[in-house]
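Asks: When you line the sequence shown up against UniProt numbering, it's residues 1 to 305, in that order.
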Amino acid sequence: MSNTDKEGGNSQAERPVPEPSLPHPDDVQDDPGPMSFEDVGVRFQFCIAAVEQLERERDELIRELTLLREPSFEAVRRAHEEVLQAYGQKARTELERDGLQEEVRTVRCKLFNVTREYVACQFQLENQREELKDKEVQRGGLETLASRLAEELTQLRTAFVEQKEGAQQQLRSGPTRHTSQALQDRRRLSAELQSLTEEQHSSLEEQYEPRLLRLLEHSERGVAALREAQEELQKLRDELRPLQGEEQIQELEDSRRETKITVQLQQQQNKELEDLRRSLAHELAIYKGCLEIYGQLFKSVTKKE
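Right, here's the structure in full:
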């Protein structure tokens, strides 16, 4: 049984028992004559009682109708509140949707920029790797050149010693054809040439050995920087795949800046290596020219003797 039926039953149960009705005016015996005051009073009392009875029934019906309408009003009120809540939730959801769409657009833009810079850094790193290979080849050429020059220097010193010993042997075995002044000049020139050769050899070792060591150190640092850059790029590759949110984008930007700084340092080191190589080649050429001049001078002095 529904609440309405229960309330209807309760209202019927609670309905007051009607008072005993007065005698109906029709029950009064008709009199062909005029009505008496008693008959008029009876009829008037009956009408008053009937009106009161109707008013009580009206009030009872109004109360029952109110009881029946209250659940409907409550349901309508709850439905109205639910509709208002639904509209509010819809508005909040639309605001959140707009905010998320804006965040997604921003993240996509940042991801595009980071990816573009990552590709540029990777291309630059590949160029640096090729340059490093070229520097390795150049370093090998410089080492070969240094070894060859050292061998030529050793050969020149050996030839000089042999020529000096031969000249001394000729002086000891042959007749005296020169004055003591010429002999002293030859000895002085020979001593100066030997001293100059030894000084140049020592100077060459003092100048180029540290530079070669620095060249090796620069090369090792370049290899280490390249390795670090490769590790950073690998990290960037790993981080680009699960990229979500602004924090990861910031980390990628920091990694990109560090990689860019590493590449700039590598470029600076490569430039220093190139300058050192040019300086070394220039000084080696000058030294070789000096050795050739001294060799020609020694040969001319020997021929004069």
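Think of the CB as a built atom: it goes at the ideal place given N, C-alpha and C, for glycine as much as any other residue.
Quick one: what does DSSP say residue 317 is sitting in, helix, strand or coil?
Replies: Any question about residue 317 goes unanswered here, given that the chain covers just 1 to 305.
Asks: Contact between the stretch 258-267 and the stretch 140-151 is defined here as three or more beta-carbon pairs at a separation below 8 Å; is this criterion met?
Replies: Touching, no.
Asks: With distances taken between CB atoms, is the gap from Leu273 to Lys135 smaller than 7 Å?
Replies: For the purposes of this step, residue 273 is taken as residue 273 along the sequence shown, with counting starting at 1. For the purposes of this step, residue 135 is taken as residue 135 along the sequence shown, with counting starting at 1. For Leu273 and Lys135, yes; Cβs fall inside 7 Å.
Asks: Looking at the structure shown, is Ser36 part of a helix, part of a strand, or coil, going by DSSP?
Replies: Taking the sequence shown and counting its residues from 1, the one referred to as residue 36 is at position 36. DSSP places Ser36 in coil when its eight states are reduced to three.
Asks: Closer than 6 Å by C-beta to Glu82: which residues in its own chain qualify, once you throw out the five before and the five after it? Chain order, please.
Replies: Stepping through the sequence shown from its first residue, residue 82 is reached at position 82. Excluding residues within five positions, none has a Cβ falling inside 6 Å.
Asks: Quick one: is Cys109 buried, meaning 16 or more other Cβ sit within 10 Å of its Cβ, or exposed?
Replies: Taking the first residue of the sequence shown as 1, we reach residue 109 at position 109. Classification of Cys109: exposed, given that the 10 Å Cβ count is below 16.
Asks: In chain order, what residues of the same chain have a beta carbon less than 6 Å from the beta carbon of Ala281, not counting five sequence neighbours either side?
Replies: Taking the sequence shown and counting its residues from 1, one reaches residue 281 at position 281. So no residue of the chain qualifies.
Asks: Distance, Cα to Cα, Arg278 vs Glu253?
Replies: Along the sequence shown, one-based indexing puts residue 278 at 278. Along the sequence shown, one-based indexing puts residue 253 at 253. The straight-line gap from Cα to Cα measures roughly 37 Å.
Asks: Closer than 8 Å by C-beta to Gln234: which residues in its own chain qualify, once you throw out the five before and the five after it? Chain order, please.
Replies: Reading the sequence shown from its first residue, position 234 is the one you call residue 234. So the list is empty, once near-sequence residues are dropped.
Asks: Using a Cβ-Cβ cutoff of less than 7 Å, which residues in the same chain neighbour Gln138 once the five nearest sequence positions on both sides are dropped?
Replies: For the purposes of this step, residue 138 is taken as the residue at position 138 of the sequence shown. Result list for Gln138: Arg277, in chain order.
Asks: Cβ atoms of Arg256 and Glu126: under 7 Å apart, would you say?
Replies: Against the sequence shown, residue 126 aligns to sequence position 126. Against the sequence shown, residue 256 aligns to sequence position 256. Their beta carbons are not under 7 Å apart, which means Glu126 does not touch Arg256 by this criterion.
Asks: Beta carbon of Gln264, beta carbon of Gln128: below 7 Å?
Replies: For the purposes of this step, residue 264 is taken as the residue at position 264 of the sequence shown. For the purposes of this step, residue 128 is taken as the residue at position 128 of the sequence shown. Not a contact, by the Cβ cut-off of 7 Å.
Asks: Quick check on the burial criterion: 16 or more other C-beta atoms within 10 angstroms. Buried or exposed for Leu95?
Replies: Here residue 95 corresponds to residue number 95 of the sequence shown, with the count starting at 1. By the neighbour-count rule (16 or more Cβ atoms within 10 Å), Leu95 is not buried but exposed.
Asks: Leaving aside the five residues before and after residue 306 along the sequence, list all residues of the same chain whose C-beta is less than 7 Å from its C-beta, in chain order.
Replies: With the chain represented from 1 up to 305, any question about residue 306 goes unanswered, as that position is not in the structure.
Asks: Between the alpha carbons of Phe73 and Val51, how many angstroms are there, rounded?
Replies: In the sequence shown, residue 73 corresponds to position 73, counting from 1. In the sequence shown, residue 51 corresponds to position 51, counting from 1. Between Phe73 and Val51, the C-alpha separation is close to 32 Å.
Asks: Do Glu131 and Asn270 have their C-beta atoms closer together than 7 Å?
Replies: Against the sequence shown, residue 131 aligns to sequence position 131. Against the sequence shown, residue 270 aligns to sequence position 270. Yes. Within cutoff.
Asks: Should Pro18 go down as buried or exposed, given a rule of 16 or more other Cβ atoms within 10 Å for buried?
Replies: In the sequence shown, counting from the first residue as 1, residue 18 sits at position 18. Only weak support exists for where Pro18 lies, its pLDDT of 44 falling under 50; the coordinates are left without a value.
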